[in-house]
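**Student:**
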Amino acid sequence: QVQLVESGGGLAQPGGSLRLSCAASGSIGSIYVMGWYRQAPGKQRELVAHISSSGSTNYADSVKGRFTISIDSAATTNYLQLNSLRAEDTAVYYCTIIVGLSDYWGQGTQVTVSS
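Going by this note's numbering, the sequence shown opens with residue 1114, and the numbers climb by one from there.
(1) On the three-state DSSP scale, how would you describe Ala1187?
(2) What did DSSP end up calling Asp1083 once you bin it into helix, strand or coil?
(3) With a cut-off of 8 Å on the beta carbons, I'd call Val1224 and Thr1203 a contact; round off their distance for me.
(4) List, from N- to C-terminal side, the alpha helix (DSSP H) runs of 4 residues or more that fit wholly inside the segment 1188–1221.
(5) So for Tyr1150, helix, strand or coil by DSSP?
(6) Using only the alpha-carbon positions, how far apart do Tyr1192 and Ser1215 sit?
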């Protein structure tokens, strides 16, 4: 079993920045993919970014060049740096980890971009 605890959401102005964190605990192992999805009101959940245990990353086109995903040296916490925020980035952001054939999700953290 894996537990995920997210933090760092909140309110930012357009053009501003936030950093989301996701701490994983439990039976993670050494091979996994961690990432972030988001869901805006009335829209489907969409991939934002993910990072593998080997360090490879992938981003949605809408966030490339603005968001950066990274992982700490202990490989148990990942960070999503959100820069140059736009109103359309407003959503609930969910952390996820895929370990083997199982996926686990955090409770979600709200990001609101508004002036």
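C-beta: ideal position from N, C-alpha, C; glycine also. Please read these numbers as outputs of a predicted model, since none were measured by experiment.
**Tutor:** Reading off the structure:
(1) Residue numbering aside, residue 1187 sits at position 74 when the sequence shown is read from its first letter. Three-state result, Ala1187: coil.
(2) A question about residue 1083 goes unanswered here, because the residues of the chain that appear run from 1114 up to 1228.
(3) As a first step, residue 1224 is located in the sequence shown; it is residue number 111 there, counting from the start. As a first step, residue 1203 is located in the sequence shown; it is residue number 90 there, counting from the start. Their Cβ separation, rounded to whole angstroms, is 6 Å, which keeps Val1224 and Thr1203 in contact under 8 Å.
(4) none
(5) As a working mapping, residue 1150 is identified with position 37 in the sequence shown. In the structure shown, Tyr1150 sits in a strand (DSSP, three-state: E or B).
(6) As a position in the sequence shown, residue 1192 is number 79, starting the count at 1. As a position in the sequence shown, residue 1215 is number 102, starting the count at 1. Going by the C-alpha atoms only, they are around 21 Å apart.
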